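For the record, the sequence lines run as chains A and B. Sequential numbering from 1 applies to the first sequence in the numbering used here. Sequential numbering from 1001 applies to the second sequence in the numbering used here. Worksheet for the structure shown next.
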Amino acid sequence: MINTHDIIETVNMIDNENLDVRTITMGISLLSCIDEDIDKACTKIYDKICRYANDLVKTGEDISSEYGIPIIHKRISVTPIGMVASACQTQKIVKFALALEKAAKTVGVNFIGGYSALVQKGFSDGDYALIESIPEALSMTDHVCSSVNIGSTKAGINMDAVKMMGRIVKKTAEMTADRDCIGAAKLVVFCNAPEDNPFMAGAMHGPGEPDCEINVGVSGPGVVRAALSKCGDCDLAAVAELIKKTAFKITRTGQLVAQEASRRLGVPFGIVDLSLAPTPAIGDSVAHILEEMGLEECGCFGTTAALALLNDAVKKGGVMASSQVGGLSGAFIPVTEDAGMISAARSGCLTLNKLEAMTAVCSVGLDMINIPGDTTAEVISAIIADEAAIGMVNSKTTAVRVIPAIGKKEGDELNFGGLLGEGPVMYVNQKSPAKFINRGGRIPAPLQSLKN
Amino acid sequence: MRAFITVIGKDTVGILAKVSAACAEENISISEVTQSVLQDMFVMIMLVDMDKSKKTISEMSQKLDETGKEMGMKIHIMHEDIFNSMHRI
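Structure below.
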């Protein structure tokens, strides 16, 4: 029999330390649904999603109750709609969003991702129309998430798309201003977007993926923090070892759930995303892990180093626990979704500048950050450009999900509810980068792209 | 299918008897039992076989939860695979 201590440890992780599998995301290719007639395409999309994902939610719940592991989300990612839309001779692209919304409601998932475009090198007609329709699509739907990839290490940064996205992010917030600007919380701008990411808002099912697959994202900041709180005054090598071991255990549960879901649904297993994804719940915070390592408050000097150690140890521990790893894989730092980051942002210890530095060593980027409503589209574009540059040069995924708080200023609050959380509007440097952004064109791919 | 039942709390009379009775009522056979005092708490772990039982793990979990409440103990039941995947390579 397994040792008593190990058994109690596992029970404790679930009972007291918020161990859960964050999401089972079914990736569905919509390439077979392409049609010149948008109404026909929408019908095919709705039918295909409902056919494939009919049992997704029930299977997730069954596995959860049978194994005693909470599985928080059951979600769907689809082929970037920009690709599907390119065949249609219409500007009414928003119909695709409504079809996705209807399918999400029918199968009972809480988000569907893939209202997306990949424009790192340039736009197709469908991509352009899709991006223009994002504000309307996100204001008319509750479950649809959108992402746009504007750069990559291989292609450089499409600054025309960057310019456009500053305006689109702001317009999306404006069109949902009556709901705490929640539209912008469902829109993320990527550089080096992974094609198998199970996490929202950036989940999509890339063109290189199979017809259908199951991807799983794990979680467990509370478990890591609890392990660290028992380790006393050990040195940082020992801290890294402890995080690795804990990440291994967390990821093993994700692997088990992924294999079981794949078997029951008869869909191939894609990847496990080795992630530490926080929630606003107390005891489920990445910031609190950093503070447990010895920082007075997240955001003080030392935060970037601590996060780099954490992010690396999570990957090293997780990679051996799963047969196939992918997605974003690392520690997330979404401000409004993390109790420790919310309080550090409120106290002023955590600033946008520090967050930008942190994104160079974490798994994603500037995530769930409320900015003043009067921030210009050019400043938002420049935030996106800076973040994309970090991703492009370092061959990593970076992203921007900022929420312009329309009608609000620094220090005011936005409250999205649920896992999207709440948080203060943060200070943003408002000096104008307009001339730089309006130049447009492309930032060429860096030397790092020439690996052959 | 096998599962682990864990019972944690302050020591009282008849814990083993009550938990075993709850298992017997549902046709669950007990393969192994260990009992110890860990971190000042009474801890009992049972490895059980549920193949002949009509209850699912989640139904059994509710039943054991009630048994636990009567005794002021925390009782969990979880699928063996969770522990195997987490603690064995």
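No residue lacks a Cβ here, since even glycine has one placed at the ideal position from N, Cα and C. This structure is a prediction, so every number in the text was calculated from the model and none was measured.
Would you say residue i faces chain B, with C-beta separation under 8 Å as the test?
i, result
"I214/A", "no"
"R252/A", "yes"
Is it right to say residue i is buried, meaning 16 or more other beta carbons lie within 10 angstroms of its own, or is it exposed?
i, result
"V1037/B", "exposed"
"C234/A", "exposed"
"D1011/B", "exposed"
"G471/A", "What is shown of chain A runs 1 to 452, which leaves residue 471/A out entirely."
"D412/A", "exposed"
"F436/A", "exposed"
"Q430/A", "exposed"
"I282/A", "exposed"
"P268/A", "exposed"
"A238/A", "exposed"
"K249/A", "buried"
"T90/A", "exposed"
"P207/A", "exposed"
Can you grab the Cα-Cα spacing for the pair residue i / residue j, in whole Å?
i, j, result
"E1026/B", "K1052/B", "9 Å"
"L350/A", "T397/A", "22 Å"
"D196/A", "G1068/B", "43 Å"
"M1001/B", "H1079/B", "8 Å"
"A321/A", "G60/A", "21 Å"
"E1059/B", "T359/A", "45 Å"
"L100/A", "E378/A", "31 Å"
"I150/A", "S262/A", "32 Å"
"G68/A", "M13/A", "12 Å"
"K92/A", "T279/A", "36 Å"
"G232/A", "A226/A", "11 Å"
"I1089/B", "K170/A", "49 Å"
"G418/A", "L19/A", "18 Å"
"A385/A", "M159/A", "8 Å"
"E136/A", "K95/A", "10 Å"
"I214/A", "T25/A", "6 Å"
"T43/A", "N192/A", "31 Å"
Give the DSSP-derived three-state secondary structure of residue i in the structure shown.
i, result
"F1042/B", "strand"
"M175/A", "helix"
"K1074/B", "strand"
"T1034/B", "strand"
"M368/A", "strand"
"Y115/A", "strand"
"R1088/B", "coil"
"D1049/B", "strand"
"C1023/B", "helix"
"K154/A", "coil"
"P198/A", "coil"
"I81/A", "helix"
"P135/A", "helix"
"G423/A", "strand"
"S275/A", "strand"
"N215/A", "strand"
"E413/A", "strand"
If the cut is a Cβ gap below 9 Å, which residues of chain A does residue i touch?
i, result
"I1057/B", "S65, E66, Y67 and G68"
"F1004/B", "M1, I2, I7, T10 and V11"
Does any residue of chain A bring its CB to less than 8 Å from the CB of residue i?
i, result
"D1081/B", "yes"
"S1029/B", "no"
"S1020/B", "no"
"S1053/B", "no"
"M1050/B", "no"
"T1012/B", "no"
"V1043/B", "yes"
"M1071/B", "no"
"M1078/B", "yes"
I want to verify the contact list: residues of chain B whose CB lies under 9 Å from the CB of residue i, in sequence order.
i, result
"T458/A", "Any question about residue 458/A goes unanswered here, given that chain A covers just 1 to 452."
So residue i contacts chain B; which residues on that side make the cut at Cβ distance below 8 Å?
i, result
"Q255/A", "S1085"
"K316/A", "Going along chain B, no residue has its Cβ under 8 Å from K316/A, so there is no contact; the nearest lies around 15 Å."
"K249/A", "M1086 and H1087"
At a CB-CB cut-off below 8 Å, which residues of chain A make contact with residue i?
i, result
"T1067/B", "Neighbours of T1067/B on chain A: none; closest Cβ ~16 Å, over 8 Å."
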